[in-house]
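When we follow this note's numbering, the leftmost residue of the sequence shown carries the number 4, and every step to the right adds one.
Using N, Cα and C, we set each Cβ at its ideal position, and we do this for glycine too.
Computed from a predicted model, the values in this text were never measured in an experiment.
Have a look at the structure below before the remarks.
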Amino acid sequence: MTSHIIESVLSGVSDRRATDFRYRQGQFISLHSWIVNHLDELQEAVCEANAASLNEAKLLITATLNHLRALYESLDLKEELTLEYNVKKGHNSPERRIPRELSYLIPERYTVFSSVINTVCSCLTAGCCCLVEIPDTLTAETTILKKCIVEALDGATVGVISSRPGEEFLQKCFIIDQTGRGELGSVPALWSRPNLCAVAIVDRTADVNKAAGEIFHANTFLSGRGPYAPDLILVNEFVEDELINQLHALSLQSKPKALGDNSKANGKLYAKPRAEKLRARMFISEKMSANFDIKSPVHKEASTIPVVAVTSLDCAIDFLLHAYSERISALYLFGTTAQTKYLGQFIPARVNFINYIPATLLVGPTAPEGYPLHPTLRYRREMMEIPSPQFFQDKERSITSITSAWKTGDSTYEEAIQPLKSDGQPIAGEINFFLQGFLASFVVYVVPLLTAIVGGGIYAAKLSRC
């Protein structure tokens, strides 16, 4: 069965079916229609697989459909035709890109439906065929995911297999590894690092109530298992008690809703008890010196989230530079613009968010390495393409042919060795400290005095003539 699916996708690769613009549009429309027509079934599967509430399932599906819609609407026939015919018209195409022929997706288990659909949509946008590795498991989410791909998409473009092909076949694929295990050696790959930590910093200048709300809800959405849910909170010691009290208050407010979340919708049970989920991750105040080992990594599976008090911005910076030698996956900064600018400048992180945590960031896998993180479009078209620009000889002759360069070698050589333009700065040592003081005194004291004398002389001359 697996070989049959691979052969079908390879046939799509050979006839370049996915590169047809109208074909890609049709695949998007079919996929969106299938999801909308199976919402109840999909919501139930997401709730069962992720211990999610109905509202959480709806948010996850909404984020997935919005990602699909954004990529669909990014398809521009006029732009694609312009790039295609630039060479025929004698124009350069520095932005030209060509799709990768075949990608192989190893999805992350967390919100697997969203992770796979978002990535497949990015492949469709580029015109890249895709094989998705989904092991034979009995989870409701993977079952409906397979059903969605088989029924909504063309099997010659996207296929689902349960076992990994041999290395010889994988060498021909572009690997998209969302697990971060790095088992594929030197195969070209787009890979994620889900084990990096996300950190929130709450400065004394922050709106503590808002910061607490963002941190709390990020860590209760789907039990805080999202790759970008904060794993560590640093807070200025002046507002530590206020933040802790607010987090505990939010926990108490959410517990009475546990029975409501464990309700039936359309006669079906949609979620495990919310109180059970809230107990999964609790905020615990830690001391930096003795009780908290900064060398111990924080993981998503941890039952507690440390809240560590710091004395200053520099203390927070030094703390994180020592605690995490690798980059932080996401840094959430709460405070005034001046404070957050300073923190973001010295703490290496893949992305900074100022005074908020995006909801869409908590859905789907960790963003792949090597590309800027976008809060809504985790995977994008350019990730599935290869740059392939086309150039004519520059009319301004800044890029010359080898024949022209050979003939005009002496003249271009003379131009190349000319000095660079002046940077406008005074020569070092030209104006020393004492001369600067003299000039400043001259401007402050002498110039006004000379101006008064000249002005007075002119005024006296006018009076003498009268």
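With a threshold of 8 Å on Cβ separation, who are the neighbours of residue i within its own chain once the five nearest residues in sequence on each side are excluded?
i    : result
V450 : none
G183 : W194, S195, R196, P197, N198, T369
A352 : V202, R330, I331, S332, A333, L334
E83  : F24
K280 : Low local confidence applies: a pLDDT of 42 at K280 is under 50, so the model's placement there is unreliable, with the coordinate-based value given in what follows. Within the same chain, K280 has close Cβ partners A54, T223, S226.
G460 : none
Starting from residue i and walking both ways along the alpha helix (DSSP H), at which residues does that stretch end?
i    : result
Y382 : Neither: Y382 is in no alpha helix (DSSP H) and is coded neither H nor E.
D244 : 243–257
C132 : Premise fails: C132 lies in the beta strand (DSSP E), 132–136, not in any alpha helix (DSSP H).
T67  : 57–77
Y345 : 340–349
I360 : Segment: none, I360 is in no alpha helix (DSSP H) and carries neither H nor E.
D180 : Unbroken run through D180 is the beta strand (DSSP E), 177–180; no alpha helix (DSSP H).
G215 : Reading off the sequence, residue 215 comes out as Ala, not Gly. Segment 211–223, the alpha helix (DSSP H) holding A215.
Y26  : 24–40
F445 : Segment: none, F445 is in no alpha helix (DSSP H) and carries neither H nor E.
L376 : Segment: none, L376 is in no alpha helix (DSSP H) and carries neither H nor E.
V449 : Run containing V449: none; DSSP gives neither H nor E here.
T5   : 5–17
Between which two residues does the beta strand (DSSP E) harbouring residue i extend?
i    : result
N355 : 355–357
N89  : Per DSSP, N89 belongs to no beta strand (DSSP E) and is neither H nor E.
T145 : It is not in any beta strand (DSSP E) - T145 instead sits in the alpha helix (DSSP H) that spans 143–155.
S106 : 105–109
E388 : 388–390
A333 : 333–337
R121 : The sequence given here has Asn at residue 121, not Arg. Per DSSP, N121 belongs to no beta strand (DSSP E); it is in the alpha helix (DSSP H), 115–129.
A192 : 192–194
I320 : From DSSP, I320 is part of no beta strand (DSSP E) but of the alpha helix (DSSP H) over 316–326.
L235 : 235–239
Less than 7 Å between the beta carbons of residue i and residue j, yes or no?
i    : j    : result
N95  : F356 : no
I8   : I164 : yes
L127 : R27  : yes
V135 : V119 : yes
C50  : A60  : yes
Y382 : N121 : yes
R99  : L86  : yes
A159 : S36  : no
L346 : L324 : no
S14  : M387 : no
Y88  : R228 : no
T339 : T208 : yes
L63  : S17  : no
A312 : E217 : no
T142 : A52  : yes
V161 : C133 : yes
Among the options, which one has its Cα closest to the Cα of residue i?
i    : options                : result
R384 : L45, P102, C50, R25    : P102
P392 : K465, P97, Q256        : P97
L365 : L173, P230, F241       : P230
Y327 : T343, F224, I350       : I350
T343 : G216, A312, V205, H325 : V205
I471 : S288, E87, S125, A201  : Residue numbering for the chain in the displayed model covers 4 to 469; residue 471 lies beyond these limits and cannot be assessed.
L225 : Y448, G367, C133       : G367
C131 : V123, Y113, Q256       : V123
I236 : D426, L336, L13, G15   : L336
E372 : V310, V354, T363       : V354
C318 : W409, T406, P422, V238 : V238
N69  : T363, A455, K465, G427 : T363
Under 6 Å Cβ to Cβ from residue i, same chain only, skipping five residues before and after it: list those, please.
i    : result
L272 : In this prediction, L272 scores a pLDDT of 44, lower than 50, which makes its location untrustworthy; the coordinate-derived value is nonetheless stated afterwards. The answer is none, since no qualifying residue turns up.
D180 : I109, A192, W194
S6   : none
S33  : A155
R282 : Residue confidence is low: R282 scores 39 on pLDDT, short of 50, so the model does not pin down where it sits. Its coordinate-derived value is still stated next. Excluding sequence neighbours, R282 sits near nothing in its chain.
F172 : none
F286 : L250, I308, V310
A129 : P102, R384, M387, E388
P300 : Residue confidence for P300 is low, a pLDDT of 46 falling below 50, so the modelled location carries little weight and cannot support an answer.
N294 : Because the pLDDT of N294 is 44, which lies under 50, any placement of that residue in the model is unreliable, and the number read from its coordinates should be weighed accordingly. Same-chain partners within the cutoff: there are none.
Going along the chain, which residues of its own chain have a beta-carbon closer than 7 Å to the beta-carbon of residue i, five neighbours each way excluded?
i    : result
F219 : L250, L253
N222 : A232, P233, R284, I308
P138 : S165
When the Cβ atoms of the segment 244–259 are set against those of the segment 212–221, are three or more pairs found closer than 8 Å?
yes
If you pair each beta-carbon of the segment 358–367 with each one of the segment 156–173, do three or more pairs fall below 8 Å?
no
Would the segment 73–83 and the segment 139–149 be scored as touching if the rule is three or more Cβ pairs under 8 Å?
no
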